[in-house]
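Contents: one structure, followed by commentary.
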C-alpha cells in the first residue's frame, strides 16, 4: 500500500483527488457543503474559488477514513482547494451517454484569502492546498486546525518561514512539501512533528543537513526526497530512520558508497533510486539484502 502511495505522488495524484473520484463516481462534485451552520462563511470562501468541502456524511462508505468514527455530528472534515480538473460535456459516446473531457485547471487564483476563515473549521482533518498560490502568510491560519492529520502543500509558495506555523499540529501524520521553497533550515520545524509517518520532499532544496534533522522522527515510514544537494553523507543520516518502509530518492550525487548505509534500513518494502549514480550491480546487492523489498532503478525492478 505504501508503495502505491509513493506512485500516486510521483504521478502528481493526491489522496484528496482519489477521495474526490471515489466520492463522486467520476470526479463530478456539484453539491455545496453550506447548511446554515457556523462553518458556512469558510465554506463559501472555499467554494467561491472552486474548492470542495466534504462533511462526514460525504465520506462514509467502503473507503471511509478511520477517523470518522471519532467525529461527532456532520462537520466539514476535508477541504480540497486543489480540485484540479474541469469536466466538460463533449460529444456523446456510441451508447448515447454524454462524453466527458477531463482537463487540468490552473489554481493560481487560490490565494491566502481563501484560508482567512478556516478557524471556523475546527474539525478539519484533511487539507489540500496543492498547486495553489498560497504563501507562508496563509499558513498562519493553520494553528487553529489542531486536529489536522493530512496536509498537502505541493507546488505552493511556502518556504521555511511558513513551516513554523505547523508546530501546533500534533496529530499531523502526512505532509507533502514537494516542489516548494523549503530548505534544510525548515527541517528543524518539520522534525518537531512527532506523529509524522509520511513526508514528501521531492524537488526541494533539502539536502544532507535537512536529513540529519529528520533522522529523529520516531514514526516516519514513507519518505520521498529529491535534491541535487543530497550526497552519500546524507544517506548516513537517513540510515538512522530505521522505521522506514518506503523510500524514494531523486539524488544525482548519491553513489554506490551509500549502499552500505541503505542496507541498514531493514524494514524497507519499497526502494526507488531514481536519478542517482547507484549502479545496477550495487542495486542488485541491495535487492539480495532485502528479499522482501522491491528495489527500482528508474522504472526497472532490480532482481
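In our numbering, the protein residues as written are 16 to 318. By construction, the Cβ of each residue, glycine as well, lies at the ideal position given by its N, Cα and C atoms. Source: prediction; values computed, not measured.
On a CA-only basis, which of 306, 125, 276, 235 is nearest residue 324? Give me that one, please.
The first residue shown for the chain is 16 and the last is 318, placing residue 324 beyond what the model contains.
At 3 residues or longer, what runs of the beta strand (DSSP E) sit wholly inside the segment 271–302?
285–287
Return the chain-ordered ranges of every beta strand (DSSP E) run that is complete within the segment 115–174 and spans a minimum of 3 residues.
If one requires a minimum length of 3 residues, the beta strand (DSSP E) runs lying completely within the segment 115–174 are 141–143, 165–167, in chain order.
Where does residue 146 land, buried or exposed, given buried means 16+ other C-beta within 10 angstroms?
Reading the chain shown from its first residue, position 131 is the one you call residue 146. With a threshold of 16 other beta carbon atoms within 10 Å, residue 146 meets it and is buried.
Would you report the Cα separation of residue 78 and residue 71, rounded to the nearest angstrom?
In the chain shown, the residue the question calls residue 78 occupies position 63. In the chain shown, the residue the question calls residue 71 occupies position 56. If I take the Cα positions, the gap works out to 12 Å.
I need the straight-line Cα distance from residue 39 to residue 68, nearest angstrom please.
By one-based count along the chain shown, residue 39 stands at place 24. By one-based count along the chain shown, residue 68 stands at place 53. Because the pLDDT at residue 39 is just 40, under 50, the model does not fix this residue reliably, and the value given afterwards should be weighed accordingly. Taking the straight line joining both Cα atoms gives about 13 Å.
Going by other Cβ atoms of all chains shown within 10 Å of its Cβ, with 16 needed for buried, is residue 173 buried or exposed?
For the purposes of this step, residue 173 is taken as residue 158 along the chain shown, with counting starting at 1. Within a 10 Å sphere around the beta-carbon of residue 173 sit 16 or more other beta-carbons, which makes this residue buried.
By the three-class DSSP mapping on this structure, what secondary structure does residue 63 have?
As a working note, residue 63 is residue 48 in the chain shown. Residue 63: helix per DSSP, three-state reduction.
Could you have a look at residue 251 and say whether DSSP puts it in helix, strand or coil?
For the purposes of this step, residue 251 is taken as residue 236 along the chain shown, with counting starting at 1. Helix.
Going straight from the alpha carbon of residue 234 to that of residue 176, what length do you get?
Walking along the chain shown from the start, residue 234 turns up at place 219. Walking along the chain shown from the start, residue 176 turns up at place 161. In this model, residue 234 and residue 176 are separated by some 24 Å (Cα to Cα).
Considering Cα atoms alone, identify which of 48, 215, 206 is closest to residue 227.
By one-based count along the chain shown, residue 227 stands at place 212. The shortest Cα separation from residue 227 among 48, 215, 206 belongs to 206.
Can you give the beta carbon distance from residue 74 to residue 49, rounded, assuming they're within the 8 Å contact cut?
By one-based count along the chain shown, residue 74 stands at place 59. By one-based count along the chain shown, residue 49 stands at place 34. Taking 8 Å as the upper bound for CB-CB distance, residue 74 and residue 49 are not in contact here, some 17 Å apart.
According to the Cβ coordinates, are residue 129 and residue 60 closer than 8 Å?
Taking the first residue of the chain shown as position 1, residue 129 is located at position 114. Taking the first residue of the chain shown as position 1, residue 60 is located at position 45. For residue 129 and residue 60, yes; Cβs fall inside 8 Å.
At which residue ranges does the segment 72–100 contain complete beta strand (DSSP E) runs of 3 or more residues, listed in the order of the chain?
If you keep only unbroken beta strand (DSSP E) runs of at least 3 residues inside the segment 72–100, you get 91–95.
Reducing DSSP to helix, strand and coil, say where residue 240 ends up.
The residue labelled residue 240 in the question sits at position 225 within the chain shown. Under the three-state reduction of DSSP, residue 240 is assigned to strand.
State the Cα-Cα distance for the pair residue 245 and residue 267, rounded to the nearest angstrom.
Here residue 245 is taken as the residue at index 230 of the chain shown, counted from 1. Here residue 267 is taken as the residue at index 252 of the chain shown, counted from 1. Going by the C-alpha atoms only, they are around 8 Å apart.
Can you give me the C-alpha to C-alpha distance between residue 37 and residue 231, rounded to a whole angstrom?
Here the question's residue 37 lines up with position 22 in the chain shown. Here the question's residue 231 lines up with position 216 in the chain shown. Confidence in residue 37 is poor, its pLDDT being 40 and thus under 50, which makes the residue's placement too unreliable to answer from.
Name the two residues that bound the continuous beta strand (DSSP E) containing residue 200.
As a working mapping, residue 200 is identified with position 185 in the chain shown. Segment: none, residue 200 is in no beta strand (DSSP E) and carries neither H nor E.
Can you list, in chain order, the residues of its chain with a C-beta nearer than 6 Å to that of residue 196? Leave out the 5 residues immediately preceding and following it.
On the chain shown, residue 196 is found 181 positions in, with the first residue counted as 1. Within the same chain, residue 196 has close Cβ partners 174.
Would you mind stating whether residue 94 and residue 163 have Cβ atoms separated by less than 8 Å?
The residue labelled residue 94 in the question sits at position 79 within the chain shown. The residue labelled residue 163 in the question sits at position 148 within the chain shown. Their beta carbons are not under 8 Å apart, which means residue 94 does not touch residue 163 by this criterion.
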